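End of the sequence shown sits at 308 in the numbering used here; the numbers just go up one at a time, nothing left out. The beta carbon of each residue, even a glycine, is placed where N, CA and C say it ideally should be. These figures come from a predicted structure and were not determined experimentally.
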Amino acid sequence: MSTRAGFVALIGEPNAGKSTLLNRMVGANVAIVTHKVQTTRTRIRGVMMEGNAQIVLVDTPGLFQPRRRLERAMVAAAWGGAADADIVVLLVEAHRGLTDGMAAILDSLRNGSGRAPVALAINKIDRVKRTALLSLAEELNGEFQFARSFMISAKNGDGVDDLRRWLAAELPEGPWLYPEDQIAEMPLRMIAAEITRKALTLRLHQELPYQLTVESDSWDTNPDGSVRIEQVIYVARDGHKGIMLGRKGEMIKVVGQLARREIAEFLDCKVHLFLTVKVRGNWLDEAERFREMGLEFPDDAP
Numbered sequence: 007m008s009t010r011a012g013f014v015a016l017i018g019e020p021n022a023g024k025s026t027l028l029n030r031m032v033g034a035n036v037a038i039v040t041h042k043v044q045t046t047r048t049r050i051r052g053v054m055m056e057g058n059a060q061i062v063l064v065d066t067p068g069l070f071q072p073r074r075r076l077e078r079a080m081v082a083a084a085w086g087g088a089a090d091a092d093i094v095v096l097l098v099e100a101h102r103g104l105t106d107g108m109a110a111i112l113d114s115l116r117n118g119s120g121r122a123p124v125a126l127a128i129n130k131i132d133r134v135k136r137t138a139l140l141s142l143a144e145e146l147n148g149e150f151q152f153a154r155s156f157m158i159s160a161k162n163g164d165g166v167d168d169l170r171r172w173l174a175a176e177l178p179e180g181p182w183l184y185p186e187d188q189i190a191e192m193p194l195r196m197i198a199a200e201i202t203r204k205a206l207t208l209r210l211h212q213e214l215p216y217q218l219t220v221e222s223d224s225w226d227t228n229p230d231g232s233v234r235i236e237q238v239i240y241v242a243r244d245g246h247k248g249i250m251l252g253r254k255g256e257m258i259k260v261v262g263q264l265a266r267r268e269i270a271e272f273l274d275c276k277v278h279l280f281l282t283v284k285v286r287g288n289w290l291d292e293a294e295r296f297r298e299m300g301l302e303f304p305d306d307a308p
């Protein structure tokens, strides 16, 4: 039996459900998911098998009008993922429909040259009535020639099997790109850092989660099989550090517990996690910080 393999880029506006869909299809929490927009910062690859096909799902940052250097790098990563893919899946939130942001994305897709086929996935279908879904699908297909349309709920799995089977059949013939049991193409150090950033994002409010980054500074495997991880949380201001630590260190303690538990579950071993908060006022202008996040550093001014 011939095998198939290829890359499928998941694109859409922030909070469209791309990371949730990737995790649902892979069957593991490879990409971090929160209720806050712009949680995903870089391209994250999840690997899954469907029959004789290996589907490499590329979760991309949400597409929006960027203002700051980090935002421009995130949007560039998203479009880069789409450009490199064999198939693109555009996720649209059913209850939001054809927004100005979605119209801009469709315009960019129309102007793309040599692009991969684009499938439409209307997500969060449980939030609107069926008649509204049919109307939205008709409207969107009138705006762009999609290869196929799907109505799904990434959260509860409705319609996801149909999407997965279609993707498997549409990928080009060729050898598998990864071992059959691999579920992600991302360094463990980066996955662990992302898990800690997720814990911080869920605990912190307003703009602060967007003003920090997490890096795994050291990673050592102990003789008993446990892992010792030291991570640095970079923030831009002294005031941010105080908020991060919390009263008598309570905030960072809770974040450490949440992150350690999830990292241990992902690695399937005991984890010793140590967090340090450092003030680095210009981290958003440092190419090295962008490389640690898996992003290209834009040369233009912020």
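Assign residue i to one of three DSSP states: helix, strand, or coil.
i: arginine 73; result: coil
i: threonine 227; result: strand
i: histidine 246; result: helix
i: glutamine 6; result: Residue 6 cannot be examined here, being either before or after the span of the chain that is shown, 7 to 308.
i: glutamate 19; result: coil
i: valine 64; result: strand
i: glutamine 263; result: helix
i: methionine 31; result: helix
i: phenylalanine 303; result: coil
i: glutamate 292; result: coil
i: leucine 281; result: strand
i: arginine 286; result: coil
i: glutamate 59; result: For the record, residue 59 in the displayed sequence is alanine; it is not glutamate. It is a strand residue.
i: arginine 253; result: helix
i: valine 36; result: coil
i: proline 308; result: Because the pLDDT at proline 308 is just 48, under 50, the model does not fix this residue reliably, and the value given afterwards should be weighed accordingly. Coil.
Within this structure, are the beta carbons of residue i and residue j separated by less than 8 Å?
i: alanine 11; j: alanine 59; result: yes
i: glutamate 19; j: threonine 105; result: yes
i: tyrosine 240; j: lysine 284; result: yes
i: leucine 96; j: valine 124; result: yes
i: alanine 91; j: valine 14; result: yes
i: arginine 171; j: glutamate 99; result: no
i: leucine 126; j: phenylalanine 152; result: yes
i: lysine 1; j: threonine 26; result: Residue coverage of the chain in this structure runs from 7 to 308, which leaves residue 1 outside it and unanswerable.
i: valine 261; j: alanine 174; result: no
i: alanine 22; j: glycine 86; result: no
i: phenylalanine 272; j: isoleucine 201; result: yes
i: glycine 2; j: threonine 48; result: Because the chain here runs from 7 to 308, residue 2 falls outside it and cannot be looked at.
i: isoleucine 128; j: leucine 115; result: no
Among the residues of its own chain, which have a CB less than 6 Å from the CB of residue i, if the five just before and after it don't count?
i: glutamate 298; result: Glu221
i: glycine 52; result: Leu28, Val32, Val36, Leu63 and Ala190
i: glycine 165; result: Phe156, Met157 and Ile158
i: alanine 34; result: Ile189
i: valine 277; result: Val233, Arg266, Ile269 and Ala270
i: proline 72; result: Arg78 and Val81
i: alanine 242; result: Gln217 and Gly287
Closer than 7 Å to a non-hydrogen atom of the ligand MN - does that hold for the CB of residue i?
i: proline 67; result: By its list of ligands, the structure shown contains no ligand whatsoever, and the ligand MN lies outside what it can speak to.
Leaving out five residues on either side along the sequence, give the residues of the same chain with a beta carbon under 8 Å from the beta carbon of residue i.
i: phenylalanine 296; result: Leu76, Ala79, Glu302 and Phe303
i: leucine 251; result: Met257, Ile258 and Val283
i: alanine 293; result: Phe303
i: arginine 30; result: Ala160, Lys161, Gly163 and Val166
Who are the near neighbours of residue i in its chain, counting only those whose CB is closer than 7 Å to its CB and skipping five residues on each side?
i: alanine 199; result: Val220, Glu221, Ser222 and Gln237
i: arginine 134; result: The sequence shown places valine at residue 134, not arginine. These residues qualify, in order along the chain: Ala100 and His101.
i: lysine 130; result: Gly23, Glu99, Ala100, His101 and Ser159
Hey, residue i and residue j are a contact pair by Cβ (cut 8 Å); roughly how many whole angstroms apart?
i: proline 229; j: threonine 9; result: With a Cβ gap of about 40 Å, proline 229 and threonine 9 do not count as contacting.
Give, in chain order, every unbroken run of the beta strand (DSSP E) that is at least 3 residues long and sits entirely within the region 84-158.
93-99, 124-129 and 154-157
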